[in-house]
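Residue numbers (our numbering), protein chains in the order written: chain H, 561 to 937; chain F, 561 to 937. All C-beta atoms in this analysis are idealised placements derived from N, C-alpha and C, irrespective of residue type, glycine included.
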């Protein structure tokens, strides 16, 4: 199909796939979708390496990147802070609670020191330098996952002729984003995996479209819960220009997820995707596990720390749980979790990323045919 | 259009409208939708009176009724309990907190005594006698709003050849309902007004359709957040047999809502519809107001009471607030609330119920045309 959005991105089927995994990005774009590489926590050096790999495997098809430049963090206004300095701010109670959860599940404590090479989490300066590095590659979209993109980011997009997208979870945020100059709005419902708001996709998409129409004509992508071409068609019937997806790619062999997590995805119902603070410090939807349940509900829980401190505890602890689970520890398996949306309830198999794109196309057409046949009867 | 559901209900446009107001029910059915009269808390006598009125005003068009027979209540297993006896169980702390909220807003305390004529809230025996009275009228659907309908209800439906519908908020509940013998499933997302679960409509509808398919062929209506024909088309693109709606009718002049509440609906965004316990004791979505905020967040709040005790406090208090607000009390206006879904963010005017049905039909066709023109381009 053709549309303003398809023209902007150089595609014919407006299925956008967010993934931290270059293999998914390349496979989706090759199959006719549009891969978006999640570059948060990357350095300019590592992003160059990843995008070079994508360039070598994407057959010249378009793709984009996504960074996270949050407006509100515990480190706001402090400039550059080392990861080691951040680590030192984690209260003893939180450190001990995480250690006890791991010990109770017979998970060996994470040995890894705070890496000196890894970018400090969510540092705005690093994010902008990472973006500069990304522009050495033929990226066709830059997206900001949280809050209004900084003016530098919008300026960089304009300078390179690359559209800037922003994720929003509320009508009010969409208005701010359009006024700030973004080119594409991603209206993400509460059912989405990762950071999300409280309004459902079915309501948010038409609400955002209606709210921004008087300001400027900006394509709105629907996000949150979309795992099938029927759901994509549903959102486009309401006026969305396409679909932004994430969780569906976690159940592909190309993804960064572990086999254990993929098995848990297949077993899960939509109600197992809970919106809690116990991974990043902000409400983010993820698979319910003994990690999320204990941080949220245990009487001993010290509660979640603000972003970015919570991730310093959770990421290394959960990597340790992943390793133990893969080695056959059932209590560690119960702890395994990852960002995933309510759409996890629709997952019943692991499929290749290219096959998922094909299924979306077929399901999309089936949905349109269904609409026509209902009227024809 | 024709479909299994349309045949079951004797309609051509599968837009179902739940309303406590007979005027809405008759107007929707006359306009080609299907009105469903909310008969909870009615006695056999009052339901006869209401349905007689509908029969006189519906031009022979089909309509249905909805009752609420919850499985879990504070009064479970107690048989018949008088409203006065229930009133006596309300703790002093809760009574005082409600009184103080009203006093702080200069709302005169509710003078009304516990009515002896009114049915006790949600009494299963009364609900079944009410249903019997309803079958003296040409009803075409009986629906149960909470939990699995009791076997007597399903038997009554079969005996009269009237389909039985049940609302569900989770895949697991849909499976139980189909196994119990219901004829129509209403899959209601978390964005819905009133009692609701946690899964969004966009995910729940395909998840429920997929889960019940192996058991029996049962039409699934989509519910939660649906205020427009585009959203109805979206849900039907995913396989829903039609739409079950509620909140959209509250912004009609035929509705039981006050002018003040309708003005608040127009001003509200989707995030103003909060899912809290402070009206019925179970999580129910309603307009955020000083009533909901104080019960949920005030440090002095004693917390919500279980169903049905909470309604005994909230209903009379909120009626008093409504009256004071209509008389011009601004603090009372801030307290005014009612069950409403996130779709409230899409309301920008008060329209007649018949006009809403017409708009749904036109918007539905526009959505189908949009889908076709996207593919044709």
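Rounded to whole angstroms, what's the CA-CA distance from residue i to residue j? Just pull it up for me.
| i | j | result |
| --- | --- | --- |
| residue 651 of chain H | residue 872 of chain H | 12 Å |
| residue 809 of chain F | residue 726 of chain F | 20 Å |
| residue 643 of chain H | residue 870 of chain H | 12 Å |
| residue 570 of chain H | residue 622 of chain H | 7 Å |
| residue 741 of chain F | residue 710 of chain F | 10 Å |
| residue 675 of chain F | residue 647 of chain F | Residue placement at residue 675 of chain F cannot be trusted, given a pLDDT of 44 that sits under 50; the coordinates are not used to answer. |
| residue 617 of chain H | residue 825 of chain F | 52 Å |
| residue 890 of chain F | residue 882 of chain F | 11 Å |
| residue 720 of chain H | residue 684 of chain H | 20 Å |
| residue 589 of chain F | residue 595 of chain F | 5 Å |
| residue 572 of chain H | residue 592 of chain H | 7 Å |
| residue 598 of chain F | residue 579 of chain F | 6 Å |
| residue 679 of chain H | residue 655 of chain H | The predicted position of residue 679 of chain H is uncertain, since its pLDDT is 44 and thus under 50; no value can be drawn from it. |
| residue 734 of chain F | residue 747 of chain F | 8 Å |
| residue 677 of chain H | residue 615 of chain H | Only weak support exists for where residue 677 of chain H lies, its pLDDT of 38 falling under 50; the value from the coordinates is given anyway. Residue 677 of chain H and residue 615 of chain H: Cα-Cα distance of roughly 24 Å. |
| residue 925 of chain H | residue 915 of chain H | 16 Å |
| residue 794 of chain H | residue 657 of chain H | 44 Å |
| residue 780 of chain H | residue 745 of chain H | 5 Å |
| residue 729 of chain F | residue 844 of chain F | 12 Å |
| residue 601 of chain H | residue 581 of chain F | 55 Å |
| residue 837 of chain H | residue 584 of chain F | 43 Å |
| residue 846 of chain H | residue 859 of chain F | 30 Å |
| residue 832 of chain H | residue 789 of chain F | 31 Å |
| residue 904 of chain H | residue 876 of chain H | 24 Å |
| residue 666 of chain F | residue 892 of chain F | 7 Å |
| residue 928 of chain F | residue 801 of chain F | 15 Å |
| residue 874 of chain F | residue 664 of chain F | 16 Å |
| residue 627 of chain F | residue 849 of chain F | 27 Å |
Starting from residue i, find everything on chain H with Cβ-Cβ shorter than 7 Å and list it in chain order.
| i | result |
| --- | --- |
| residue 766 of chain F | 788, 790, 791 and 906 |
| residue 730 of chain F | 831 |
| residue 577 of chain F | Ordered by position in chain H, no residue passes the 7 Å Cβ test against residue 577 of chain F, which lies about 18 Å from the chain. |
In terms of DSSP beta bridges, what is residue i paired with?
| i | result |
| --- | --- |
| residue 701 of chain F | Note: residue 701 of chain F sits in no beta bridge, so no partner. |
| residue 626 of chain F | F:598 and F:703 |
| residue 573 of chain H | None; residue 573 of chain H has no bridge partner. |
Helix, strand or coil: which one does DSSP assign to residue i?
| i | result |
| --- | --- |
| residue 754 of chain F | strand |
| residue 677 of chain H | Per-residue confidence for residue 677 of chain H stands at a pLDDT of 38, beneath the threshold of 50, marking its modelled position as unreliable; the derived number appears in the next sentence. Coil. |
| residue 775 of chain H | coil |
| residue 578 of chain F | strand |
| residue 728 of chain F | strand |
| residue 649 of chain H | coil |
| residue 936 of chain F | helix |
| residue 695 of chain H | coil |
| residue 745 of chain H | strand |
| residue 920 of chain F | helix |
| residue 657 of chain F | helix |
Got a sec: does the ligand ZN put a non-hydrogen atom nearer than 7 Å to the Cβ of residue i?
| i | result |
| --- | --- |
| residue 749 of chain F | The ligand ZN is absent from the structure shown, which contains no ligand whatsoever. |
If the cut is a Cβ gap below 7 Å, which residues of chain F does residue i touch?
| i | result |
| --- | --- |
| residue 649 of chain H | The contacting residues do not exist; residue 649 of chain H stays about 29 Å from chain F at best. |
| residue 895 of chain H | The contacting residues do not exist; residue 895 of chain H stays about 22 Å from chain F at best. |
| residue 909 of chain H | Neighbours of residue 909 of chain H on chain F: none; closest Cβ ~13 Å, over 7 Å. |
| residue 803 of chain H | Per Cβ cutoff of 7 Å: no residues; residue 803 of chain H is ~11 Å from chain F at best. |
Please compile the residues from chain F whose C-beta is within a distance smaller than 8 Å of the C-beta of residue i.
| i | result |
| --- | --- |
| residue 785 of chain H | 760, 762 and 763 |
| residue 928 of chain H | 797, 931, 932 and 935 |
| residue 903 of chain H | 763 |
| residue 749 of chain H | 760 and 762 |
| residue 811 of chain H | By Cβ distance, chain F contributes nothing, its closest Cβ being about 15 Å from residue 811 of chain H, past 8 Å. |
| residue 725 of chain H | Residues of chain F passing the Cβ test: none, with the nearest at roughly 20 Å. |
| residue 663 of chain H | The premise fails here: residue 663 of chain H is roughly 32 Å from chain F at the closest Cβ pair, so nothing lies under 8 Å. |
| residue 828 of chain H | By Cβ distance, chain F contributes nothing, its closest Cβ being about 11 Å from residue 828 of chain H, past 8 Å. |
Are any of the Cβ atoms in chain B nearer than 8 Å to that of residue i?
| i | result |
| --- | --- |
| residue 563 of chain H | No chain B is present in this structure, whose protein chains are H and F. |
Against residue i, what residues of chain H qualify as contacts under a CB-to-CB distance less than 9 Å, listed in chain order?
| i | result |
| --- | --- |
| residue 737 of chain F | Correct list: empty, because the minimum Cβ distance to chain H is about 16 Å. |
| residue 644 of chain F | Those within 9 Å of residue 644 of chain F in chain H number zero; the least Cβ separation is about 38 Å. |
What does residue i touch in chain F if you count any residue whose Cβ is under 9 Å from its own?
| i | result |
| --- | --- |
| residue 844 of chain H | What residue 844 of chain H touches in chain F: nothing, since even the nearest Cβ is about 16 Å away. |
So which residues on chain H does residue i lean against when the C-beta distance must stay under 8 Å?
| i | result |
| --- | --- |
| residue 734 of chain F | Within 8 Å Cβ-Cβ: nothing; residue 734 of chain F doesn't reach chain H, min ~11 Å. |
Practice task
Ignoring anything shorter than 4 residues or poking outside the region 853 to 896 of chain F, list the alpha helix (DSSP H) runs there in chain order.
Solution key: Scanning the region 853 to 896 of chain F from its first residue to its last, the whole alpha helix (DSSP H) runs of 4-plus residues come out as 869 to 886 and 890 to 895.
Handout entry: alpha helix (DSSP H) segments (min. 4 residues) lying fully within the region 780 to 857 of chain H
Key = Whole alpha helix (DSSP H) segments, 4+ residues: 789 to 797, 819 to 827 and 850 to 857.
Practice task
Just list the beta strand (DSSP E) runs in the region 585 to 614 of chain F, keeping only unbroken ones of 3 residues or longer that don't cross its boundaries, in chain order.
Solution key: Here the runs fully enclosed are 594 to 598.
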